[in-house]
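Scroll down for the structure; my scribbles are underneath it.
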Amino acid sequence: MNIYTRKLLFAAVTACSIIVTASASAGIPFFSEKDVPSLAPMLEEATPAVVSISVEGTQTSRQQVPEMFRYFFGNPQQQQQERPFRGLGSGVIIDAKEGYVVTNSHVVNNADKIIVKLTDGRELKAEKLGADEQSDIALLKVDAEDLAELPLANSDKLRVGDFVVAIGNPFGLSQTVTSGIVSALGRSGLNIGGYEDFIQTDAAINRGNSGGALVNLRGELVGINTAIFGPNGGNVGIGFAIPSNMMKSLIDQIIEFGEVRRGLLGIQGGDLDAGLAEAMNSPTNKGAFVNEVTDGSAAAKAGIQSGDIIVSIDGNEVGSFSELRGKVGSLGAGTEVKLEIFRNGEKLEFDVVLGAAEDILAEAKEIHPALEGAVFESAEGSVIVSEVAERSPAARIGLRADDVIVGVNRRRVSSIAEFSRRVEDSEGVIALNVKRGSSSLFIIIR
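Under mature numbering (1 follows the signal peptide of the UniProt record, and there is no 0), the residues of the sequence shown are numbered -26 to -1, 1 to 420, in order.
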C-alpha cells in the first residue's frame, strides 16, 4: 500500500468517525430500528412451536459369548443385557389443535417415557403415535391448550442459496437459533437412513438439534434437522434435514394407518454417469438408470423398461437413483406420480400408481450375528439390503446397500421370514446368493 492510498484510507475512516460521533452527541442513532435487519420478529412467532424432548427407557444389547464360557451360560452364542438410558432432542409442533409433534425416530426410539418441554416452561407427557426408522421420522401427541404451530412450506420450492434458520436444543441447552443457507438439495447415499433425500445446510446443527426445525425467513417449516457430518460429532458447517414435503407425506400415513405404508415402483438400478449417458444416447448426465423392472410391478404396468433413465418425479428433478428411491419411499401405496424419462434420447412421460411395498423391515443382527449392521427390506418377492453401517460385521463380510439376497446355500428365498428360516436351519458355513447390479456372487458366513 503506497503513501497516497494510506492517506486516502485514513481520511475515509476519519470521516466515518466524525459522522458517528456527531450523530451520537446529537442523540441520533446511526441506524433507525426500522433500518436494522433482524430475524427477531419472525423468530418470536416461530420459536414457541419448537420444543425440547427428553426421553427415558431401556435398551437391550447383545454381546457375543466366547466359546470357552458358553458352558456356564447354557451354550448361548449371545448374551442379552438391558441398560437404562436417557436422551435429549428437539421437536416441532405442526398441529396445535391435535397436539401433533414431529421429531426424529432415533430421538424417541426405545423410549418408555417422553416429556415435551415448551418454551413457556410447561412440561407435557407425550404419546408416540408411530415412527418410521428408515426415514427417521416419528409422530408424538400431547394434550394441552394454547399451543403454537409452525406452518409448512413447500420444500420442493427450495433453491440452493435460500436463507434458512435452524431452531433446536443443542447439547441440552435451552432453545438456540443458528442461521445459514441451503447448501445442496437431494443429498443421498450418506448411510444415515434407508430412504434419503436430504436438504444440506451450513446453519449450525449439533447434538440435541435432532428433530428440531429448519425454517425459511417467513417462519415456515422447510425441514426437520436430522444429522450432521463431522469428524468429532460437532458442527463443521454440514448439516442435513428431512424436507417438509417428505415429512408431511410420512406423517399423514402414520395419522391414517398408525404406520408408514410405503409405495413401491418395482425397479432396480443405479446412478447415471457421463459414460453411461453417452452409451444410452441420453442428453443428460444426471438421473436414475433402470437396470431391471420387476414383473407385475407398478413400473411394469405403466410401461417403464430396463434402460430407461428417470430424470424427474412430479416435476422435481432427480439426480441419482438414491434420490429417486428416497422420494418414492416417502409416498404411500396407491399414490399416482408422473415420471419423466429418456428412452433412446427421446423424452417421455408416464403416470404411475405406486404399488404396496410389502416392506417388512428387519435388523439383520436378529437373523445372524455376522449380519449385524445391515437392514433388510422385503419387497415384491425379494430380500433387499437397504442399509449397511460402516465397519459393521455385515460390511466386513462384504454386504453392500442395494444388494439383493436371492438364496441361502443355493435355496431360493423371497421374504425376510423365509430368509431367516433358511439361515436358522443352516449348520456350519452359510453361503448367501447375492445379486449386485448385473453381477451374481456368494458371500460366505463362517
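Ideal Cβ positions, reconstructed from N, Cα and C, are used throughout, including at glycine.
Partner residues in the beta bridge of N290, as assigned by DSSP, are I287. Look at the region 200 to 241 and you find these whole runs of beta strand (DSSP E), each 3 residues long or longer: 213 to 217.
Between A122 and L98, the gap from beta carbon to beta carbon reaches 7 Å or more. In this chain, G95 is not harboured by any beta strand (DSSP E), its DSSP state being neither H nor E.
Rounded to the nearest whole angstrom, the C-alpha separation of E351 and V357 is 6 Å. For the options N143, I67 and R396, the alpha carbon positioned closest to that of K222 is the one of I67.
Every unbroken stretch of the beta strand (DSSP E) spanning 3 or more residues and falling wholly within the region 107 to 191 is given here in chain order: 111 to 115, 137 to 142, 150 to 161, 172 to 175 and 187 to 189. Excluding five sequence positions before and after G319, the CB atoms of its chain that fall closer than 6 Å to its own CB belong to N255, given in chain order. When C-alpha distances from S28 are compared across E18, P11 and N78, the shortest belongs to N78. In the DSSP assignment, D325 falls within the beta strand (DSSP E) that extends over E320 to V327. The region 358 to 409 is shown to contain whole alpha helix (DSSP H) runs of 4 or more residues at 367 to 371 and 390 to 399, in chain order.
One thing to note: A272 has its Cβ no nearer than 7 Å to the Cβ of V234. Contact between V138 and N190 holds, since their C-beta atoms are separated by about 6 Å, short of 8 Å.
For K312, the number of other beta carbons within 10 angstroms of its own is below 16, and it is reported as exposed.
The DSSP-derived three-state label of V302 is helix. Proximity to T268 across G329, S286, I216 and L224 peaks at G329, based on C-alpha coordinates. With respect to G73, K115 sits close: the two C-beta atoms are nearer than 7 Å.
Contact between the region 363 to 371 and the region 228 to 248 is absent: fewer than 3 CB-CB pairs across the two stretches fall below 8 Å. Between F324 and G277, the beta carbon gap of about 6 Å places them in contact (Cβ cut-off 8 Å).
Here E340 is exposed: its Cβ has fewer than 16 other Cβ atoms, across all protein chains shown, within 10 Å.
The shortest C-alpha to C-alpha distance from A344 to any of K321, R370 and L322 is the one to R370. When the alpha-carbon of V24 is set against those of E56, D94 and I216, the nearest one is in D94. Assigned with DSSP and collapsed to three states, K260 falls in coil, not helix or strand.
Around the CB of G300, 16 or more other CB atoms lie within 10 Å, so the residue is classed as buried.
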